[in-house]
Amino acid sequence: MEEFKHYTVMKNEAVDALECSNGKIYVDCTLGGGGHSGLILSRIQPDGRLIAFDVDQDAINAATERLKDYNNLTIVKDSYTNIKKVLHNLGIEKITGGVLFDLGASYHQFNKTERGFSFSKDALLDMRFNQDADFSAYDVVNNYSETDLVRIFSEYGEERFSKRIAKAIVEKRKLKKLETTCELADLIVNCTPHIKSSIHPATRVFQAIRIEVNQELTNVKKTLDNVLDLLDFGAIISVISFHSLEDRLVKHLFKYHSQKCHCGKNEMICHCPPPILELVNKKPIVASDEEIKENPPSRSAKLRVARCIRR
């Protein structure tokens, strides 16, 4: 089996935030290579329990082998968006310890050529986290209207040349469908101004397409709301995000649910329910200089942590 390469970002910081203890139930919503899960498991022996989610079979295979000596681990091949249903089916009513999200694509997904996440290696347009899914980057690029392409490039990629790129894609596919990562990347380079920048001109568009294919922002928002219902008093939610859209979403959700009042200025009497969360860190935790040297992509990671205070 091909080696599964995965760097676990802010492993100690994210797991430390969970305050792991024996006998409690924890959830790792993004198993990946099993780095976070392994550290959690080592800290909740002998009676704690960990439920770990992933849709990527490569990740599940690697983590299953890596964590084979732990008998208090349940790996679920399913999207974390189904966390309520899965935990219910496992007989779990509450997450008593904590839950961890490590959002975004993994090192393995970016660097395994045939997964089609990167424009540095030519591959079919894919970008699916779940390889069993039918919908891929090919469908977005070749079937979305020009208006929808502009929307996702602008919203999910914050791409300033969204209209120009979308128009070029639509014109190109009238002649021939775009099939590979390099075809798309070359088109983007050729239709946009040559601006001196540290990032490749296709970076933001590829990010936007990946987010759309995997419904990343929609899934994160829906799931965070669902998870709040599952948290027991004192349980902790720890979230690592890798771009501003995700971090903004997490920040706003945490802030909203930690406020004591949401009344308008004209409300004389507050009838708001008590807050659900308290913020453990008001500012995000970032990777250390040593980690960034070892794994440069970790420089964009932000960790936000909150504790459930609803009884």
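According to our numbering, the sequence shown is numbered sequentially starting from 43. We treat Cβ as the ideally placed atom computed from N, Cα and C, and that holds for glycine.
Taking a C-beta distance under 9 Å as the contact criterion, Ile67 and Lys126 do not qualify as a contact pair. Closest in alpha carbon position to Asp58, among Arg202, Leu142 and Glu221, is Leu142. A Cβ-Cβ distance of about 30 Å is found for the pair Asp120 and Phe161, leaving them out of contact under the 8 Å criterion. Counting only residues of its own chain and dropping the five nearest sequence neighbours on each side, Tyr180 has a CB closer than 6 Å to the CB of Leu167.
Taking the CA atoms as reference points, Gln173 sits about 15 Å from Ala165. For Leu83, the enclosing alpha helix (DSSP H) starts and ends at Gly77 to Arg85. Short of 6 Å from the beta carbon of Val231, and not among the five residues preceding or following it, lie these beta carbons of its own chain, in chain order: Pro243.
Look at Asp144 here: in three-state DSSP terms it is strand.
The distance from the Cβ of Asn261 to that of Arg215 is about 28 Å, inconsistent with a contact at the 8 Å cut-off. In the structure shown, the three-state DSSP call for Thr234 is coil.
Per DSSP, the beta bridge partners of Thr116 are Ile93. Of all C-beta pairs linking the stretch 104–116 to the stretch 314–325, fewer than three are shorter than 8 Å, placing the two stretches out of contact. C-alpha of Cys71 to C-alpha of Asp144: approximately 8 Å in a straight line.
Less than 9 Å separates the beta-carbon of Ile253 from that of Leu287.
Each residue's CA atom was taken as its position, placing Thr123 and Val97 some 11 Å apart. In the displayed model, Leu129 falls within a helix according to three-state DSSP.
Excluding five sequence positions before and after Glu55, the CB atoms of its chain that fall closer than 7 Å to its own CB belong to Ile327 and Leu345, given in chain order. Listed in chain order, the non-local C-beta contacts of Ser280 below 6 Å within the same chain comprise Ala56, Ala59, Leu60, Leu142 and Val347, local neighbours out to five positions each way being set aside. Rounded to the nearest angstrom, the gap between the Cα atoms of Val118 and Gln99 is 11 Å. In the structure shown, Cys350 adopts extended strand secondary structure according to DSSP, grouped into three states. The continuous stretches of beta strand (DSSP E) do not include Glu332, which lies in the alpha helix (DSSP H) extending over residues Asp331 to Glu336. Its chain contains Asn64 and Gly65 as the residues whose beta carbon lies nearer than 7 Å to that of Asp89, once the 5 sequence neighbours on both sides are disregarded; these appear in chain order.
For Val322, there is no enclosing beta strand (DSSP E), as DSSP gives it neither H nor E.
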